[in-house]
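Participant: Take a look at the following structure, please.
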Amino acid sequence: MLKHNKLKPVGIAIRLMWNMDKWLLIHSIITSVIEAATPFAGILLSAYILDGLQAGEEFTEIISVSLAAVAVIFLLTVLKAYFSKILNVHIGMCGKRYDTLMSMKTISMDYPLLDSPAVNDIRVRIRHDNDWGAGFYSLVWQLPYLLNSLISTFVSVVLMLPLFMEGHFFSDTPAILLLLSLGAIIAFNLWFTSVKNKELYRLLDDPSLDKSYLGYFLWNDQDYHYGKDIRIYDAKPLIKSKLDGDLVIKNRWIKQLVSNNMKSGFFSNLSAGTLQIISYIFVALRAAAGALTAGAVVKYAGIIYRFSQSVTNVFNALEEYAVSSNRQLSTLEYLNIKDVLKKGTLPVEKRAFCDGSDNEYEIEFRDVSFQYPGSDTCALRHINLKFRVGERLAVVGMNGSGKTTFIKLLCHLYDPTEGEILLNGIDIRKYDYEEYMKIFSVVFQDFKLFSFSLGQNVAADMDYDTKRVEACLDAAGFDNRRTSMPDGLKTCLYKDFEENGVEISGGEAQKIALARALYKDAPFIVLDEPTAALDPIAESEIYSKFNDIVGNRTAIYISHRLSSCRFCDEIAVFDNGQIVQLGSHEELAADTGGKYHELWNAQAQYYSS
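Heads up, the sequence shown is in the working numbering, so the first residue is 1 and it goes up one at a time.
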């Protein structure tokens, strides 16, 4: 955790705002100055008219000055409306840029961090704070309010100074009493704000708010993927029960928050009212002593009212800013999370790419063991394996045997707990992370497609080579479906953003994912159950042209269907996190006491007559 520093979060948050949108701060200042000045213009005009009439000035002169003042007030009102609209636009833009910043941090951080309970807790706190108006958005919205209150207070103090200039100030008992009263009220507000902040911190830190079924279902209830199961299994009572329990907790929290705010409002209004009464008494005493004109009485009465309101607003704004700034610690902590996988600097050799390489390119697992964070057992134990460019390696085994974990380590999504993985004899941790990632195309079993166009899904980019995309889709067996799509490669998948988006089957999605792997044209292609969602005919077509699809790439193939492994040069059999057998299909099938023979016979019995 970052050390608690009340000023640091505010400074960093303002710097973030400045970097995201400089005009946000500039327009906040301009709008606040105009908004603060407008009421005082009206107060000063009223005082001038009264004094002018009392002094017997020319009526035409009073009218002329009044019209000019009204024109200024009208101009200030128009400018305030204009700059307020612009400010609201920049506030919205700043919020979107903040969302983008947080999203980019999430998608660029080390993969293991996405799975980390500690990091997930930070994300939950940030979302919770923003949902309840105590996060970064709150700081952005409160900034103009705070600036306006500070400027109004400053202008009020400046305009009230002449009130204390009459007579001998230090021998003026009413003036001294007024200042002492002001000091006492301000001290009380500071103390009360501190007490209220502690109570707000306690409420906002309530762990029951972090895990919200309401938020979960609000995000997912409109996802049609959930809709089928909710209806088939009549899960509505279960969901309603979860939501009702969530609402009980939320209602209890809201009642505490409302009670806290009511107490705060009462004492804020009480202190503001007390300040006004004392100030009005002081003005009345001045007027009774003949030190003030009728216009001055009206002027100071108006200024005192603005001053009391501004002081109250300053304390309220500072209170909210203090709470929101404290909550910024989660955002700062998240943005300051350091990557550990991206420390390498060595460039990956260019021969790693499929451009007529010399194939002198080798990957080796040397006594590699791996344990997932928070787990008590090893997912992989003492893995020793070596393979070269151009080879076909099949990885087989029961569920939970470590196959997918093996691939994650190969792709450097995780670092080994023990041992090392070598690329051409060098530990992969020493290579530049981004360069190393470029040598792998992977189709994971739980792959995801985006609600973007078909072409962008294949290329994973805004711009792409149309002919290459089409060739990759055709190679993956998606040619007939591609040509039938209404907008070709520009057809949007799914309906998240396009009303005319196209829904695709699981098998079609798997073909697109395979085409995406081919388009990347990396020297290593990893296929994790690449035909699991395909029908038998489509699967047979993929197998029959597997060598043509893969080309001179190194192919690593994970599958439960052992018949699909026969075209691979070597098969690694995983069991309980270890490689228990390694060899060709013929060698392993002949070993009647081996795990592969057991798995092969278990599947073969369903196809034998």
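Think of the CB as a built atom: it goes at the ideal place given N, C-alpha and C, for glycine as much as any other residue. Small disclaimer: the values here were computed from a predicted structure and weren't measured.
Mapping DSSP to helix, strand and coil, what is R392?
Facilitator: Reduced to three states, the DSSP call for R392 is strand.
Participant: Tell me the residue span of the alpha helix (DSSP H) that contains V580.
Facilitator: No alpha helix (DSSP H) contains V580, which is instead part of the beta strand (DSSP E) from 578-583.
Participant: Excluding five sequence neighbours on each side, which residues of the same chain lie with their C-beta closer than 7 Å to the C-beta of A589?
Facilitator: Excluding positions up to five away in sequence, the list reads Y596, H597, W600.
Participant: Please report the straight-line C-alpha distance between L553 and L518, rounded to a whole angstrom.
Facilitator: For the sequence presented, residue 553 should be read as Arg rather than Leu. About 10 Å.
Participant: Please report the distance separating the alpha-carbon of L79 from that of K467.
Facilitator: Near 55 Å, if we compare the C-alpha coordinates of K467 and L79.
Participant: Contact defined as beta carbons within less than 8 Å: I believe G419 pairs with R366. What is the distance between those atoms, to the nearest angstrom?
Facilitator: Contact flag correct, Cβ pair sits at about 6 Å.
Participant: Note down the Cα distance separating L182 from V72, rounded to an integer number of angstroms.
Facilitator: Spanning the two alpha carbons is a distance of roughly 33 Å.
Participant: With a CB to CB cut of under 7 Å and the five nearest residues on each side skipped, what residues in its chain are close to I504?
Facilitator: Within the same chain, I504 has close Cβ partners L493.
Participant: Between G400, F524, D110, which has its C-alpha nearest E610's C-alpha?
Facilitator: This structure cannot settle anything about residue 610, because the visible part of the chain is limited to 1 through 609.
Participant: Could you check whether the region 338-350 touches the region 302-318, counting it as contact only if at least three pairs of C-beta atoms, one from each stretch, sit closer than 8 Å?
Facilitator: The answer is no - the region 302-318 does not touch the region 338-350, with fewer than three Cβ pairs under 8 Å.
Participant: Touch check for the region 112-127 and the region 39-48: three-plus C-beta pairs under 8 Å?
Facilitator: No, the region 112-127 does not touch the region 39-48.
Participant: Give the secondary structure of S103 by DSSP, where H, G and I count as helix, E and B as strand, and everything else as coil.
Facilitator: Note: S103 maps to helix in three-state DSSP.
Participant: Leaving aside the five residues before and after K520 along the sequence, list all residues of the same chain whose C-beta is less than 7 Å from its C-beta, in chain order.
Facilitator: Counting only Cβ-Cβ distances below 7 Å, and skipping sequence neighbours, we find S441.
Participant: Classify F497 as buried or exposed, calling it buried when 16 or more other Cβ atoms lie within 10 Å of its own Cβ.
Facilitator: F497 should be labelled exposed.
Participant: In whole angstroms, what is the alpha-carbon distance linking M20 and G92?
Facilitator: So the alpha carbons of these two residues sit roughly 11 Å apart.
Participant: Quick one: grab the DSSP three-state call for N384.
Facilitator: Of the three classes helix, strand and coil, the one that applies to N384 here is strand, per DSSP.
Participant: From V469 to M462, what distance separates their C-alpha atoms?
Facilitator: Roughly 13 Å between the two C-alpha positions.
Participant: By the three-class DSSP mapping on this structure, what secondary structure does S451 have?
Facilitator: It is coil, neither helix nor strand.
Participant: State the Cα-Cα distance for the pair Q371 and M109, rounded to the nearest angstrom.
Facilitator: Looking at the two C-alpha atoms, the distance is approximately 20 Å.
Participant: Using a 10 Å radius around the Cβ and a threshold of 16 neighbouring Cβ atoms, would you call F450 buried or exposed?
Facilitator: Exposed, since its Cβ has fewer than 16 Cβ neighbours within 10 Å.
Participant: Do S563 and I571 have their beta-carbon atoms positioned less than 8 Å apart in this structure?
Facilitator: Cβ distance not < 8 Å, so I571 and S563 don't count as in contact.
Participant: In the DSSP output, what is T554 paired with across the bridge?
Facilitator: Answer is F524.
Participant: Taking F370 as part of the beta strand (DSSP E), name the residues at either end of that continuous run.
Facilitator: First-last of the beta strand (DSSP E) with F370: 362-370.
Participant: Between F315 and V155, how many whole angstroms is the CB-CB distance? I'm expecting something under 8 Å.
Facilitator: Going by Cβ atoms, the distance from F315 to V155 rounds to 17 Å, so no, they are not a contact pair.
Participant: Tell me which residues share the same chain as K403 and place their Cβ nearer than 7 Å to its Cβ, disregarding the 5 neighbours each side in the sequence.
Facilitator: So the list reads V395, G397, I558, F574, once near-sequence residues are dropped.
Participant: Which of the three DSSP states, helix, strand or coil, is assigned to C378?
Facilitator: Three-state DSSP puts C378 in coil, outside helix and strand.
Participant: Near V526, which residues of its chain fall below 6 Å by C-beta distance, leaving aside the five closest residues on each side in sequence?
Facilitator: Only I407, V442, I556 meet the Cβ criterion.
Participant: Can you tell me whether L454 is buried or exposed, with buried defined as 16 or more other CB within 10 angstroms of its CB?
Facilitator: The residue in question, L454, is buried, as its Cβ has 16 or more Cβ neighbours within 10 Å.
Participant: Could you give the C-beta distance for V458 and R516, rounded to a whole number, given that I count them as a contact under 8 Å?
Facilitator: Contact flag correct, Cβ pair sits at about 5 Å.
Participant: In the DSSP assignment, find the alpha helix (DSSP H) that holds L139 and state where it starts and stops.
Facilitator: Its alpha helix (DSSP H) spans residues 136-160.
Participant: So, under 8 Å CB-CB, K495 and G501 are touching, yes? Tell me the CB distance rounded to an integer number of Å.
Facilitator: Sure, about 4 Å apart at Cβ, within 8 Å.
Participant: Just the Cα atoms here: how many angstroms apart are Q445 and E529?
Facilitator: Near 6 Å, if we compare the C-alpha coordinates of E529 and Q445.
Participant: Counting only the same chain and skipping the five closest in sequence on each side, list residues whose C-beta sits under 7 Å from that of T625.
Facilitator: There is simply no residue 625 to check, as the chain begins at 1 and stops at 609 in what is shown.
Participant: Beta-carbon separation of H90 and L159 under 8 Å?
Facilitator: The answer is no: Cβ separation not under 8 Å.
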